Amino acid sequence: MKSDGQKNVPAIETRGLTKRYGGLVAVEDLSISFPKGEISGVIGPNGAGKSTLIGLIGGALAPSAGEVIYYGEDISKLPAPERARLGIGRTYQLPRPFLDMSVRENLQVALFSKSPLMSRREAAARTNQVLEQTGLAGAGNIAARNLPLLRRKRLEVARALMLDPKLLLLDEVGAGLVDHEIDELIALIHALNDGTRSILIIEHVIRVVRECCKQLAVLNFGKKLAAGPTQEILNDDNVAAVYLGAAHRTDPAAAGVATLTSARRKAKPDRATLLQLSGVSAGYGQARVLDNISMRVGEGEVVAVLGSNGAGKTTLANVIAGSLAPSAGKLEFGGEDVTRLSGDKLFSRGLAHCMEGRRIFPELTVEENLKIALRGDARRQTAQRLEEIYTLFPVLAERRNSMGTALSGGQLQMLAIGRALISKPRLVIFDEISLGLAPVVMDQLYAALANLRDSGLTMLVIEQDVERALELADGAYVLKQGRIVLSGDAASLSRNPSLRDIYLGEKS
Numbered sequence: 001m002k003s004d005g006q007k008n009v010p011a012i013e014t015r016g017l018t019k020r021y022g023g024l025v026a027v028e029d030l031s032i033s034f035p036k037g038e039i040s041g042v043i044g045p046n047g048a049g050k051s052t053l054i055g056l057i058g059g060a061l062a063p064s065a066g067e068v069i070y071y072g073e074d075i076s077k078l079p080a081p082e083r084a085r086l087g088i089g090r091t092y093q094l095p096r097p098f099l100d101m102s103v104r105e106n107l108q109v110a111l112f113s114k115s116p117l118m119s120r121r122e123a124a125a126r127t128n129q130v131l132e133q134t135g136l137a138g139a140g141n142i143a144a145r146n147l148p149l150l151r152r153k154r155l156e157v158a159r160a161l162m163l164d165p166k167l168l169l170l171d172e173v174g175a176g177l178v179d180h181e182i183d184e185l186i187a188l189i190h191a192l193n194d195g196t197r198s199i200l201i202i203e204h205v206i207r208v209v210r211e212c213c214k215q216l217a218v219l220n221f222g223k224k225l226a227a228g229p230t231q232e233i234l235n236d237d238n239v240a241a242v243y244l245g246a247a248h249r250t251d252p253a254a255a256g257v258a259t260l261t262s263a264r265r266k267a268k269p270d271r272a273t274l275l276q277l278s279g280v281s282a283g284y285g286q287a288r289v290l291d292n293i294s295m296r297v298g299e300g301e302v303v304a305v306l307g308s309n310g311a312g313k314t315t316l317a318n319v320i321a322g323s324l325a326p327s328a329g330k331l332e333f334g335g336e337d338v339t340r341l342s343g344d345k346l347f348s349r350g351l352a353h354c355m356e357g358r359r360i361f362p363e364l365t366v367e368e369n370l371k372i373a374l375r376g377d378a379r380r381q382t383a384q385r386l387e388e389i390y391t392l393f394p395v396l397a398e399r400r401n402s403m404g405t406a407l408s409g410g411q412l413q414m415l416a417i418g419r420a421l422i423s424k425p426r427l428v429i430f431d432e433i434s435l436g437l438a439p440v441v442m443d444q445l446y447a448a449l450a451n452l453r454d455s456g457l458t459m460l461v462i463e464q465d466v467e468r469a470l471e472l473a474d475g476a477y478v479l480k481q482g483r484i485v486l487s488g489d490a491a492s493l494s495r496n497p498s499l500r501d502i503y504l505g506e507k508s
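The opening position of the sequence shown corresponds to residue 1 in full-length UniProt numbering, with each subsequent residue numbered one higher.
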């Protein structure tokens, strides 16, 4: 490219980049640049817009507004294959090899997609070079489906390298790996940094960006919160506030909430166990996400499950709700062994799941979405059940005949909560209900949860926003890489300095 020889031209730059999905703005007016020849990173809480950004840079997504500039050239309108030919390679969080092909064949598919006229001798030499470079030299003839997770991650990187990229986008390469595998991954990333190739890491595992990235940018609600040298950014109290939830205050009087809930916690007597997990492990394919989880939730208690992105919180919610079978351990609900029960059987026993992402039926009205969750005898009480939900969320009453497509993000989340509650469950799992919402809307939702708590509803709150969750909860468990690393009453955990270390690493 003609701009390639210019000094100080960024490897990649965005100018006013925006991506909208209907009423949701995933990336908003984002202007950011990353230098060539270095390893840079992008972090941010769940729903910050990181995956959307990498999709916009790689060409999988088209921007609603703004530009993507690659080595000085506007590539905003180029499709992904054209960007790959220009030298942008990327990996995916979940490796996507051709499972029935060998490792070598997977690499050559990538190579010939860019250079179809390359001779077999040249192709073999290039393949051997990349196999050696990525630590797969002895695995060339192994079928991809027989590779363990770390080697699949290496294969994902190797396939991107076959395009000989000038810019390598690494999307959540640390997801699902344990500590010693993270060590190997970090060593691999450093080995790829030859001073000419630029690398951009989108990552949940803070250790990876801390040890690999020279520059770091932080996104929040689709906007740039901070950018600069990595250690400086990770030490920034504003960045910590976003990760821990301390930046959310919209009501000055809300400062008293922690005191009130702390008093309530101390006064609350022990309750009978409603939910018990003993030594539970689970994962997806070869990725082990949860490791030996033991926890309990008492009748009428609110228990928070905390942890940074990728810690295993949503996987834990799916295991408890019966949509993912554990690979080990035991689950008991109401004193019954429910380890192997499906989600519908657990629902009939009184366990409801308000899932991450809302998952309402967009072509149904608000009221139809609520009614669809009613079963059996509850259908005879439809009017009463609906009125209870409309009392909790009056805006849903006003919009009862509106289609799901006409609702705002906050209204959609209220509808998702209402749908989980309308069956009068014994326990509700709320999974990341604040995801992607403005602080004032989060305040409304958590005020509703506080009312439910005070009415005696048992809740398991899966949340990345630490401060909100601990204000609401009686107790909490903190996950890191699929293991419980902290637990106890919410008041004590809220004062524990280890929380910041778990989310962002040790402050230096």
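Here a beta-carbon is modelled for each residue, glycine too, at the ideal position from N, C-alpha and C. Being a predicted model, the structure only gives us computed values, none of them experimental.
Let me make sure I understand the geometry here. Which of the options has the alpha-carbon closest to that of residue i?
i: L472; options: V209, V305 and Q384; result: V305
i: G174; options: R483, S402, R154 and P165; result: R154
i: residue 537; options: Y446, R453, G49 and V68; result: This structure does not reach residue 537, given that the chain is present from 1 up to 508, and the question cannot be answered.
i: Y477; options: S294, I182, R96 and R151; result: S294
i: R207; options: L386, M355, A450 and G310; result: G310
i: G72; options: S33, I372 and L56; result: S33
i: G65; options: V27, L99, S51 and A84; result: With the sequence shown as reference, residue 65 is identified as Ala, and Gly is not the correct amino acid for it. Cα-wise, what sits closest to A65 is V27.
i: S308; options: D171, K330, Q481 and L331; result: Q481
i: L324; options: G335, L346 and E336; result: L346
i: F112; options: D179, P81, D465 and A328; result: P81
i: L136; options: G87, E184 and F393; result: E184
i: C212; options: S198, D194 and I189; result: I189
Please return the same chain residues whose Cβ sits closer than 8 angstroms to the Cβ of residue i, not counting the five positions on each side in sequence.
i: R271; result: G298, E299, G300 and E301
i: V242; result: G44, P45, V218, N220 and L225
i: L416; result: The sequence shown places Ala at residue 416, not Leu. The answer, listed in chain order, is C354, M355, R358, R359, I360 and I433.
i: G16; result: D29, L30, S31, A65, G66 and E67
i: G404; result: I360, F361, P362, E363, L364, T365, V366, N369, L412 and L415
i: R453; result: V302, M459 and L472
i: V395; result: Q411 and M414
i: R239; result: Note that residue 239 is Val in the sequence shown here, rather than Arg. Only V218, L225, A226, I233 and L504 meet the Cβ criterion.
i: I182; result: G174, V205, R207 and V208
i: P326; result: V280, S281, A282, L290, V319 and T339
i: R419; result: C354, I360, N369, L370, I372 and A373
Taking 8 angstroms as the cut-off, decide whether the C-beta atoms of residue i and residue j are in contact.
i: L167; j: L200; result: yes
i: I429; j: A317; result: yes
i: I320; j: L460; result: yes
i: L435; j: N46; result: yes
i: G343; j: G312; result: no
i: A158; j: D100; result: no
i: T230; j: V205; result: no
i: K214; j: I54; result: no
i: L24; j: G409; result: yes
i: V303; j: D431; result: no
i: T314; j: A282; result: no
i: R83; j: I75; result: yes
i: R152; j: A139; result: no
i: D164; j: G228; result: no
i: L274; j: G334; result: yes
For residue i, which residues in the same chain have their Cβ closer than 7 angstroms to its Cβ, ignoring the five residues on either side in sequence?
i: A160; result: G89, R90, T91 and L168
i: K371; result: T382
i: S119; result: none
By the 10 Å Cβ neighbour count, where 16 or more other Cβ atoms means buried, how is residue i classified, buried or exposed?
i: E203; result: buried
i: P425; result: buried
i: G58; result: buried
i: A125; result: exposed
i: K19; result: buried
i: E13; result: buried
i: K77; result: exposed
i: A187; result: exposed
i: G41; result: buried
i: P63; result: buried
i: R104; result: buried
i: Q93; result: buried
For residue i, which residues in the same chain have their Cβ closer than 6 angstroms to its Cβ, ignoring the five residues on either side in sequence?
i: S494; result: L470
i: N141; result: S102
i: A11; result: F34, K36, L167 and S198
Which residue or residues does DSSP assign as beta-bridge partners of residue i?
i: L275; result: V297 and F333
i: G475; result: V303 and D489
i: R90; result: L169
i: G41; result: I201 and L216
i: Y21; result: L24
i: F430; result: C354 and V461
i: G283; result: R288
i: T365; result: M403
i: S33; result: E13
i: P497; result: DSSP output for P497 lists no bridge partner at all.
i: S69; result: The residue you asked about is not Ser; residue 69 is Ile in the sequence shown. According to DSSP, I69 bridges with E13 and D74.
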